[in-house]
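Remarks on the structure that follows.
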Amino acid sequence: MKERDIVSWSTTVSALVQNELDNEALMLVYEMKKLLVAINDITITILLVAASNLRDREIGKQTHAYLLRHNIQFEGMESYLIDLYAKSNMIREEHAIFQSNFSYDKHQTTWNPMIAGNTQNGLIEQSFVVFKEMLDQNVKPNDVTLASILPLCN
Numbered sequence: 001m002k003e004r005d006i007v008s009w010s011t012t013v014s015a016l017v018q019n020e021l022d023n024e025a026l027m028l029v030y031e032m033k034k035l036l037v038a039i040n041d042i043t044i045t046i047l048l049v050a051a052s053n054l055r056d057r058e059i060g061k062q063t064h065a066y067l068l069r070h071n072i073q074f075e076g077m078e079s080y081l082i083d084l085y086a087k088s089n090m091i092r093e094e095h096a097i098f099q100s101n102f103s104y105d106k107h108q109t110t111w112n113p114m115i116a117g118n119t120q121n122g123l124i125e126q127s128f129v130v131f132k133e134m135l136d137q138n139v140k141p142n143d144v145t146l147a148s149i150l151p152l153c154n
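Letter 94 of the sequence shown, counting from 1, is numbered 94 in UniProt numbering, and no numbers are missing.
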């Protein structure tokens, strides 16, 4: 491959993350930035997943700041940010994303990481509060929701 485009870069970064080579994926994204390769929402999603897997607060905050600075929004962005902040034990940030203005159209993909994040961080009561709020908003739980709630019911 003589000249790489955003698709080939993103595919390579994604393959690294899928093979649990998150640090290598992050290094490749830095290389992309150094070479002035335009980063798109797919690349940012992969970057958020890698930062989440590594529980890397700094990369997560930098990526979130980049999204805000460039006014970038895409489908599922809140879910990736909630997951990142939950796994990094940044509860205040997790809740801020969930309650933010661009979370008005919450569906399972937004509620589930919020419930799972609370559960993972030992916030049992908060998990149930969010679950009840989800039901009150007429959002139907799915298998992922139940997998996050059921262990709390012992």
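Think of the CB as a built atom: it goes at the ideal place given N, C-alpha and C, for glycine as much as any other residue. All values derive from a computational prediction rather than experimental measurement.
- Of all alpha-carbon atoms in Phe74, Gly122 and Gln108, the one lying nearest the alpha-carbon of phenylalanine 131 is that of Gln108.
- Under the three-state reduction of DSSP, serine 88 is assigned to coil, being neither helix nor strand.
- Residue Phe98 holds the alpha-carbon nearest to the alpha-carbon of tryptophan 111 among Asn121, Gln120 and Phe98.
- Selection Ser52, Lys33 and Val37 evaluated against asparagine 23 yields Ser52 as nearest (Cα-Cα).
- The C-alpha of valine 129 is placed about 15 Å away from the C-alpha of glutamine 120.
- Contact between leucine 26 and alanine 50 holds: CB atoms are separated by about 5 Å, below the 8 Å threshold.
- Following the DSSP letters along the chain, one finds asparagine 112 inside the alpha helix (DSSP H) bounded by residues 108-120.
- Take the alpha-carbon of serine 88 and the one of aspartate 56: they are about 7 Å apart.
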